[in-house]
Structures are given as C-alpha cells and as structure tokens.
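Protein chains in written order, with the working numbering: chain A, -4 to 201; chain P, -4 to 201. Note that CB positions come from ideal geometry on N, CA and C, so glycine has one too.
As structure tokens, then:
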C-alpha cells in the first residue's frame, strides 16, 4: 500500500517536518517544542525526524536556514589556546560568511528583524544555540558567562550587519586578517578579559 | 489667490518636501540630491526647505526618522578628554535609546534591513552622517579614520540590535553603566587605540 508523501527519502516528508517544526518553535519556543509533537503534526514517526535532521538543535537550525551550526564555531574556537578564542572565532565566522554560505546568513539577518515573530525566533537561536553552549564549552564562569557571551554576540551581529548587510566601506572589503586583528581582541576581552565595572556592580565610574 | 497646501506653516508642505526628499535621496544618493531639485519637485521655494529643515543633513535625518543627529553624539564625545571618547559616545547613545526616542531607533534599524532600498539609505546615513563627520571631529588620522569608525559603527549597530531589537538577556536589561564599562573601551580602542595587524598590512598573525 502506497503512503503518499510520507515515505523516507521523499522531499515532501522533509518539508512537512520543517513546516511543522517552524510552527511548533514559533508557538512554543525551542524548549516547549518537542520532536514527538512535531512528528505528530507532520504525520510521521518521531524516528523519521531524527533520521532526517539528527537532533532537535539541527532541526531548529534547519527551520532558520542557518548558514552554519554555531556549535562548530564554538568548538573550533575552544580547541586551542584560551587567549586565541576571540581571534579563532572571528576568523571562522568570516571564512564562512565570506564564502557561498554568506548569502544565507544575510537572508537570516534580514528576516530576523523584519517582524516580531522572526525576531523572537532569532532570540531563541542566540539563547539556545550560542549562549547555552558557549558558556560551558569555553569554560566560562557560570555567573558571568551569559553577559560576556551576549557582549560578544553583539559585536558579531554588528560585524555581520556592517560587512554583509549594510556593506559599509572600508570594512566591507577589508581582508579577513585585518578584521580579525581588529575584532578578535574585542571578542576575546568580552569572553575572558578583565572587565572592570561590569561585574563588580560599581558601573563604569566616570 | 490661494495656493493649496503650499503655504509656510502648512503640515502638507512639510510632508511634500519630505516625500520629494525621500525620492531624491533614494534615486541620487545624499551627494547627488540637491535642495534646489527637492524644492522644485515639492513645488516650493528652496528657502522654504531651509526654513523647515535647516540643512540638507537635517532634512536627510528627517526623511529617515532618525531618533537623533549623530553629530550631537560625536560632538559630545569629542568635547572631553581624548581617552574618554568611547565611554562618552556609548553612554550618550544608550541614554537616548533607553529613552522615548528608542522606539524610533528600533523602527529605523528594522526598516534598514527590510529591503535593498532601505539598506542603501542606511549606508548613506552611516557614510554622510557618521563617517564624514567623526573623522575630523574626533581628530582621527585621515588614512586610518574611515576604517576605525566603521569598526566602531559595527559595535554600535550590534549593541543596538542585541539590546533593543533582539532584546537578548542579560544585555537587554543591563544597567547603562555596565554596558558602558564593557563596550566603551571597545569603541575607544577602535577609534584611538593601537591596532596591530590592522594598518601595517601584516594581518593578525597567529
């Protein structure tokens, strides 16, 4: 007996799962959406969701058309010396975005701020795919790590906006090495540097 | 004889000038658009454009619904000690965006990336209203200044995106003093710091 559009390997199945996942993540957020519920909604077995996408994280990244898995960048940055995290992360990011995947990144950023729903999903993306993973992976202090990573994320989002979306010169055409030399130390400082006034509750002074 | 909708003080006149200005800036860019042509297109005397908006810069800012004139922030940052430029600029920016004008800023950022036209206008905004003014006002080296300011702009855009558009915590709710303590030194370093590998053509090394 033939089951229409629901067989493994059928592109319709993949699309049906993605559509169900988009709705679920949008309605319930990343944590509230379950693979089981998404599978039910798509009319497939939960095992098929895993077969197609591997994990809830990968499924979420697929619904957002993310040009990369931030975990790969975090893992790469965390692999070497602790004082090279910033440089390595910025370089890995630029290599991906300067390449063919950059167009998907620009589309993600553009859609992100286009409407409230997309913004909410991007916030979930930053929280679940970057913050939660970066703090333990980079061995950051639990109490300080969240704020440190959001500062780093602010610089990465701004760099991507300036270089790839707004395309303001001379930053847009600057060689990767030059951008790494400028922005790598910023990310490094946010993640591991001494930040007087940030965690001691005294503010920046004046 | 009564001239409809073109009298001084008539809100229609202001709107007609703004509409003509938006078209002119979009078609010809900031430099290519002239007050005279905008006035002709709006059916008013050029003196009336100056009467309503004061200058081409102010007219341009009005067409973009900018929550502030970046020149005010640059002037404020440049007023004190040279090593406090970053802190002062970030603080002045946060005070404005944390206030009632912040909503206009968010709308500007959202519209900016929504379509190619708006992105082009925002690039013009950064170039004409920030880059051109910041380099001389802050006394930056002419050869290095453009790149330095775009790095600073990337951090400011990213901070605004993270705090006001994406609203990712804990950055979104962090006190101004805390954000200034973290991001002020970044902007300071981009503008006036020693940046090995950025201007010597050797790259970041590694």
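- The beta carbon of residue 23 of chain A does not come within 8 Å of any beta carbon belonging to chain P, so the residue lies off that interface.
- Along the length of the segment 17 to 87 of chain P, whole alpha helix (DSSP H) runs at least 4 residues long occupy 30 to 37, 41 to 48, 51 to 58 and 65 to 74, reported in chain order.
- Counting only runs of 4 or more residues that sit fully inside the segment 169 to 198 of chain A, the alpha helix (DSSP H) segments are 171 to 187, in chain order.
- For residue 183 of chain P, no Cβ of chain A is located within less than 8 Å of the residue's own Cβ.
- Rounded to whole angstroms, the gap between the alpha carbons of residue 181 of chain P and residue 131 of chain P is 20 Å.
- Three or more pairs of CB atoms, one per stretch, sit closer than 8 Å, so the segment 61 to 70 of chain A contacts the segment 92 to 100 of chain A.
- Within the same chain, and ignoring the five residues on either side of residue 14 of chain A in sequence, the residues whose Cβ sits closer than 8 Å to its Cβ are 37.
- With fewer than 16 other Cβ atoms inside 10 Å of its own Cβ, residue 29 of chain A counts as exposed.
- Not one beta carbon of chain P lies nearer than 8 Å to the beta carbon of residue 69 of chain A.
- Within the model, the alpha-carbon separation for residue 91 of chain A versus residue 94 of chain P is close to 37 Å.
- Taking the Cα of residue 162 of chain P as reference, the smallest distance to any Cα among A:135, A:145 and A:134 is reached at A:145.
- In the assembly as shown, residue 155 of chain P is a buried residue. Its beta-carbon has 16 or more other beta-carbons within 10 Å.
- Cα atoms of residue 20 of chain P and residue 27 of chain P: separation of roughly 8 Å, rounded to the nearest angstrom.
- In the displayed model, residue 103 of chain P falls within a helix according to three-state DSSP.
- Within 10 angstroms of the beta-carbon of residue 78 of chain A lie fewer than 16 other beta-carbons, which makes it exposed.
- Taking a Cβ-Cβ threshold of 7 Å, the residues of chain A close to residue 104 of chain P are 108, in chain order.
- At least 8 Å separates the CB of residue 88 of chain P from every CB of chain A.
- What residue 146 of chain A touches in chain P, judged by beta-carbon distance under 8 Å, is 166, 177 and 178, going in chain order.
- DSSP places residue 161 of chain A outside both helix and strand once states are collapsed to three, so it counts as coil.
- The distance from the Cβ of residue 68 of chain P to that of residue 96 of chain P is about 12 Å, inconsistent with a contact at the 8 Å cut-off.
- Your pair residue 107 of chain P and residue 25 of chain P does not check out as a contact, with CB atoms roughly 15 Å apart and the cut at 8 Å.
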